[in-house]
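Undergrad:
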Amino acid sequence: MIAMDGNSLPSPSCPDARKRRVCYYYDRNIAGVDYGESHVMVPRRVDMAHALIRSYRLLPDMARLRTTPATAAEMAAFHDAGYVDLLRDITPEAFVSGDGEVARRARGFNVGEASMDGGGGRYIDNPPIAGLWDYCRSYAGGSLASARALAINWSGGMHHACRGCASGFCYVNDIVLAIKELLGSFSRVLYVDIDVHHGDGVETAFVDSNRVMTVSFHQRTGDFFPKDRGLVSHVGEGEGQYHAVNVPMSKGMDDDGYYFGLFKPVMEKVMAVFKPEAIVMQCGGDSLSGDRLGGLNLSVAGHARCVGFMRSFNTPLLLLGGVGYTVNHVAACWCYEILTTTSFQFASSIIYIIVQFTAVAIGKEIEDEIPKHCYDSYYESQGHKLHYAVDKKLKNDNTDYYIKTISTKVMRNISRLEAAPSVQFEDPAGGSIIDTKKLFHTRLPREDNDPMVRLHRLGGELEVDGFLTELGKRQLELLEAAQDQENGCCHQTHGCQSEPVKKHRRPKKAYFKY
Numbered sequence: 001m002i003a004m005d006g007n008s009l010p011s012p013s014c015p016d017a018r019k020r021r022v023c024y025y026y027d028r029n030i031a032g033v034d035y036g037e038s039h040v041m042v043p044r045r046v047d048m049a050h051a052l053i054r055s056y057r058l059l060p061d062m063a064r065l066r067t068t069p070a071t072a073a074e075m076a077a078f079h080d081a082g083y084v085d086l087l088r089d090i091t092p093e094a095f096v097s098g099d100g101e102v103a104r105r106a107r108g109f110n111v112g113e114a115s116m117d118g119g120g121g122r123y124i125d126n127p128p129i130a131g132l133w134d135y136c137r138s139y140a141g142g143s144l145a146s147a148r149a150l151a152i153n154w155s156g157g158m159h160h161a162c163r164g165c166a167s168g169f170c171y172v173n174d175i176v177l178a179i180k181e182l183l184g185s186f187s188r189v190l191y192v193d194i195d196v197h198h199g200d201g202v203e204t205a206f207v208d209s210n211r212v213m214t215v216s217f218h219q220r221t222g223d224f225f226p227k228d229r230g231l232v233s234h235v236g237e238g239e240g241q242y243h244a245v246n247v248p249m250s251k252g253m254d255d256d257g258y259y260f261g262l263f264k265p266v267m268e269k270v271m272a273v274f275k276p277e278a279i280v281m282q283c284g285g286d287s288l289s290g291d292r293l294g295g296l297n298l299s300v301a302g303h304a305r306c307v308g309f310m311r312s313f314n315t316p317l318l319l320l321g322g323v324g325y326t327v328n329h330v331a332a333c334w335c336y337e338i339l340t341t342t343s344f345q346f347a348s349s350i351i352y353i354i355v356q357f358t359a360v361a362i363g364k365e366i367e368d369e370i371p372k373h374c375y376d377s378y379y380e381s382q383g384h385k386l387h388y389a390v391d392k393k394l395k396n397d398n399t400d401y402y403i404k405t406i407s408t409k410v411m412r413n414i415s416r417l418e419a420a421p422s423v424q425f426e427d428p429a430g431g432s433i434i435d436t437k438k439l440f441h442t443r444l445p446r447e448d449n450d451p452m453v454r455l456h457r458l459g460g461e462l463e464v465d466g467f468l469t470e471l472g473k474r475q476l477e478l479l480e481a482a483q484d485q486e487n488g489c490c491h492q493t494h495g496c497q498s499e500p501v502k503k504h505r506r507p508k509k510a511y512f513k514y
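Mapping the sequence shown onto our numbering, position 213 (from 1) lands on 213, and the numbers just tick up by one.
(1) Indicate whether the contact test is met: 3 or more Cβ pairs, each with one atom in the stretch 371-390 and one in the stretch 44-62, closer than 8 Å.
(2) Run through the stretch 165-253 for me and flag every whole alpha helix (DSSP H) of 4 or more residues, listed as ranges in chain order.
(3) Identify which residue in Met-41, Glu-37, Leu-144 has its Cα closest to the Cα of Leu-320.
(4) Met-62 lies in the alpha helix (DSSP H); which residues open and close that run?
(5) Counting pairs of Cβ atoms below 8 Å between the stretch 261-271 and the stretch 389-408, do you hit three or more?
(6) Can you tell me whether Thr-214 is buried or exposed? The criterion is at least 16 other CB atoms within 10 Å of its CB, across all chains shown.
(7) For Leu-318, decide whether its Cβ has a neighbour in chain C, counting only Cβ atoms nearer than 8 Å.
(8) Let me know if Thr-68 comes out buried or exposed under the rule of 16 or more other beta-carbons within 10 Å of its beta-carbon.
(9) Can you give the Cα-Cα distance for Arg-66 and Tyr-25, rounded to whole angstroms?
(10) Quick one, which of Pro-43, His-160, Ser-287, Ser-185 has its alpha-carbon nearest Pro-226's?
(11) With DSSP run on the structure shown, which of helix, strand or coil describes Tyr-25?
(12) Output the boundary residues of the beta strand (DSSP E) element that contains Ile-53.
(13) DSSP on Thr-269, reduced to helix/strand/coil?
(14) Would you identify the three-state DSSP class for Val-410, choosing helix, strand or coil?
(15) Assuming the contact rule is C-beta atoms closer than 8 Å, Gly-284 and Ile-179 should be a hit. Round their C-beta distance to whole Å, please.
(16) Would you mind reading off the limits of the alpha helix (DSSP H) that contains Leu-150?
(17) Going straight from the alpha carbon of Phe-344 to that of Val-96, what length do you get?
(18) To which residues of the same chain is Arg-393 closer than 8 Å at the C-beta, ignoring the five residues directly before and after it?
(19) Which partner residues does Lys-392 have in the DSSP bridge list?
(20) Hey, out of Arg-211, Arg-311, Ile-152, whose CA is closest to Leu-59's CA?
(21) Going by CA-CA distance only, name the one from Gly-240, Val-84, Phe-217, Glu-239 that's closest to Gly-230.
(22) Is there contact between the stretch 233-243 and the stretch 184-191, where contact requires at least three CB pairs shorter than 8 Å?
(23) Which one of Ala-244, Asp-61, Arg-28, Val-232 has the shortest CA to CA distance from Val-212?
(24) Looking at the structure shown, is Ser-415 part of a helix, part of a strand, or coil, going by DSSP?
(25) DSSP state of Ile-366, grouped into three classes?
(26) Can you check DSSP and say which residues form a bridge with Ala-278?
(27) Are Pro-316 and Ile-362 touching if we call contact CB-CB under 8 Å?
(28) Our contact map puts Gly-112 next to Gln-282 with C-beta atoms below 8 Å; I'd like the distance itself, whole angstroms only.
(29) In the structure shown, what three-state DSSP assignment does Leu-132 receive?
(30) Sorted by chain position, which residues of the same chain lie with C-beta nearer than 8 Å to Val-232's C-beta, five sequence neighbours on each side aside?
(31) Out of Glu-380, Tyr-56, Asp-255, Asn-314, which one is the CA nearest neighbour of Ile-366?
(32) So, helix, strand or coil for Ile-403, using DSSP?
(33) Quick check on Lys-404: buried or exposed, where buried means 16 or more other Cβ atoms within 10 Å of its Cβ?
(34) Does Asp-254 pass the burial test, meaning 16 or more other C-beta atoms within 10 Å, or should it be called exposed?
(35) Could you check whether Ser-289 and Asp-391 sit closer than 8 Å to each other, using their CB atoms as the reference points?
(36) Report the option in His-303, Trp-133, His-79, Glu-37 whose CA atom is closest to the CA atom of Thr-204.
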């Protein structure tokens, strides 16, 4: 069992200074998004994380965020209108054999354009997937709503998308949209990125702004994506000079070197100098040990430690997921990290890191043993443990000298930002006036009330006979209870001698709880 420490923030809407419940966004439809059979991007990781969060009984500790899909106008707050139109119009059929004009437009926006993979073959980073428009509207809408309520959105965090094109599996940059939303209420916003890849799309969007500081901790070796950004010397431009902080590292970085050598001292300096009023944190899980694309060697606890550290500043915090290509690792991590943010003023997905972050967000203790649930078989390779073992054979190319050199250069750049910028707050940059009561569901939705929803969620790992037997028993209980009510059977008022109608309960067998 892991205990998380941290301070609680009083809620501005609670006169008795009670801490506000962490807010959480999840759209089950994202689980059905398919980038293609051989593609490394698997949106189902968010559904796996949600299932794990449910299995640990973390949902009752969070408020469920109600949201609507992002509109074309909201996306156009950052993206070019022509690119937004393409995302709405493109379909796999139109790209492959239908409208040639749509296909030409798509390639111009880097959708469907093949690139070279590591083995010399052709690979489509940003395919024209089925349901692309709805997918983009969903995760972008979730991040916009999460910015307004400062909530957790593990399906967001698409940090590579550019103003006028897709990039790195990302179509709409929900992070930029969320930061722009926050700038309507906060003078200075800090963006922190712990994905293994450099957060190039976000940095470029605010490269000349002194109201946003971007800090990216990432792997940068050889041809590792993205190749043209992320050097220590990339510090911003114009009024945004020294507002971009880049911390590149080599393969094999472990927990201690990452956190004590770089993350903690850099972020302490950033917080002291920039003095942000709100923080947006991208918690990409591809920096975990064993990721299919990344080369770092962080543990679940090491990754979550960074989230816990940012939480300790008691500054409004928005958590976004990003990516991660070993999905069971990501889901577990995000689940755990929710525990660290529960005591935030507000809290705005691959699988281990989701679970870990969720636990950290809430500030709750959870067992290392993963409860039995619908994705149970995915965790067999690590013994059904939340904290799986890192790769002890992976060489760490980050020497003490290298870490010290990078840290010194980064600290020197931050020191050149002498004071927090002066911003006229009377004319905000476009935030919305929101009725916060309308942002939240009054109760958590009972997804298991709908048998077809449960059948869909249990999917490929379903024990069909057991599920249908249990479903039939529950339906029979409900029918018997309804008949008793129609017959007016009530022990207290009519003295009926029959057995009382039992209150319907969820079955005790763990498999059927989720």
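Backbone N, C-alpha and C define an ideal beta-carbon position, used for all residues, glycine too.
TA: On the basis of the supplied data:
(1) Per the Cβ contact rule, the stretch 371-390 is in contact with the stretch 44-62 (3 or more Cβ pairs under 8 Å).
(2) Within the stretch 165-253, the complete alpha helix (DSSP H) runs of at least 4 residues are 174-182, 200-205.
(3) Working through the sequence shown from its first residue, we reach residue 320 at position 320. Of all alpha-carbon atoms in Met-41, Glu-37, Leu-144, the one lying nearest the alpha-carbon of Leu-320 is that of Leu-144.
(4) Locating residue 62 in the sequence shown gives position 62, where the first residue counts as 1. For Met-62, there is no enclosing alpha helix (DSSP H); the residue is part of the beta strand (DSSP E) that begins and ends at 62-64.
(5) Cβ pair count under 8 Å is three or more, so yes.
(6) Here residue 214 refers to the residue found at position 214 of the sequence shown. It counts as buried.
(7) Here chain C cannot be found, since the structure has a single protein chain.
(8) Residue 68 sits at position 68 when you count from the first residue of the sequence shown. Thr-68 is exposed by the Cβ-count criterion.
(9) The count along the sequence shown starts at 1 and reaches residue 66 at position 66. The count along the sequence shown starts at 1 and reaches residue 25 at position 25. Per the coordinates, the alpha-carbon of Arg-66 lies some 7 Å from the alpha-carbon of Tyr-25.
(10) Residue mapping note: residue 226 aligns to position 226 of the sequence shown, counting from 1. Per the Cα distances, His-160.
(11) Here residue 25 corresponds to residue number 25 of the sequence shown, with the count starting at 1. In the structure shown, Tyr-25 sits in a strand (DSSP, three-state: E or B).
(12) The residue labelled residue 53 in the question sits at position 53 within the sequence shown. Judged by DSSP secondary structure, Ile-53 falls outside any beta strand (DSSP E) and instead within the alpha helix (DSSP H) spanning 44-55.
(13) Here the question's residue 269 lines up with position 269 in the sequence shown. As written in the sequence, residue 269 is Lys, which differs from the Thr given in the question. Reduced to three states, the DSSP call for Lys-269 is helix.
(14) To locate residue 410, count along the sequence shown from 1; it is residue 410. Val-410: helix per DSSP, three-state reduction.
(15) On the sequence shown, position 284 is the one that residue 284 refers to. On the sequence shown, position 179 is the one that residue 179 refers to. Beta-carbon to beta-carbon, Gly-284 and Ile-179 are separated by about 17 Å, too far to satisfy the 8 Å threshold.
(16) The residue given as residue 150 occupies position 150 in the sequence shown. No alpha helix (DSSP H) contains Leu-150, which DSSP labels as neither H nor E.
(17) Looking up residue 344 in the sequence shown gives position 344. Looking up residue 96 in the sequence shown gives position 96. Below a pLDDT of 50, predicted positions are generally treated as unreliable, and Phe-344, at 31, falls in that range; the measurement from the model is reported next regardless. Computed Cα separation, rounded: 47 Å.
(18) Here residue 393 refers to the residue found at position 393 when the sequence shown is read from its first residue. Note that residue 393 corresponds to Lys in the displayed sequence, not to Arg. Result list for Lys-393: empty, nothing under 8 Å.
(19) The residue given as residue 392 occupies position 392 in the sequence shown. According to DSSP, Lys-392 bridges with nothing at all.
(20) One-based indexing of the sequence shown puts residue 59 at position 59. The candidate whose alpha carbon is nearest that of Leu-59 is Ile-152.
(21) On the sequence shown, residue 230 is found 230 positions in, with the first residue counted as 1. The residue with the shortest Cα to Cα distance from Gly-230 is Phe-217.
(22) No, they do not touch.
(23) Indexing the sequence shown from 1 puts residue 212 at position 212. Check the Cα spacing between Val-212 and each of Ala-244, Asp-61, Arg-28, Val-232: the tightest is with Ala-244.
(24) For the purposes of this step, residue 415 is identified with residue 415 of the sequence shown, where counting begins at 1. Note: Ser-415 maps to helix in three-state DSSP.
(25) On the sequence shown, position 366 is the one that residue 366 refers to. In the displayed model, Ile-366 falls within a strand according to three-state DSSP.
(26) Within the sequence shown, the letter at position 278 stands for residue 278. Partner(s): Val-189.
(27) Working through the sequence shown from its first residue, we reach residue 316 at position 316. Working through the sequence shown from its first residue, we reach residue 362 at position 362. Going by beta carbons, Pro-316 and Ile-362 fall outside the 8 Å limit.
(28) Within the sequence shown, the letter at position 112 stands for residue 112. Within the sequence shown, the letter at position 282 stands for residue 282. That pair is no contact at about 26 Å.
(29) As a first step, residue 132 is located in the sequence shown; it is residue number 132 there, counting from the start. Looking at Leu-132 - three-state DSSP - the assignment turns out to be helix.
(30) Taking the first residue of the sequence shown as position 1, residue 232 is located at position 232. For Val-232, where only same-chain residues beyond five positions count, the Cβ hits under 8 Å are Asn-246, Val-247, Pro-248, Ile-406, Lys-409, Val-410, Asn-413.
(31) By 1-based counting over the sequence shown, the position of residue 366 is 366. Closest in C-alpha terms to Ile-366, from the list Glu-380, Tyr-56, Asp-255, Asn-314, comes Tyr-56.
(32) Here residue 403 refers to the residue found at position 403 when the sequence shown is read from its first residue. Three-state DSSP puts Ile-403 in a helix.
(33) Working through the sequence shown from its first residue, we reach residue 404 at position 404. Its Cβ having fewer than 16 others within 10 Å, Lys-404 is exposed.
(34) The sequence position of residue 254 within the sequence shown is 254, counting from 1. Buried, since its Cβ has 16 or more Cβ neighbours within 10 Å.
(35) Here residue 391 refers to the residue found at position 391 of the sequence shown. Here residue 289 refers to the residue found at position 289 of the sequence shown. Yes; because the gap between Cβ atoms is below 8 Å, this pair is in contact.
(36) To locate residue 204, count along the sequence shown from 1; it is residue 204. Nearest Cα to Thr-204 within the set His-303, Trp-133, His-79, Glu-37: His-79.
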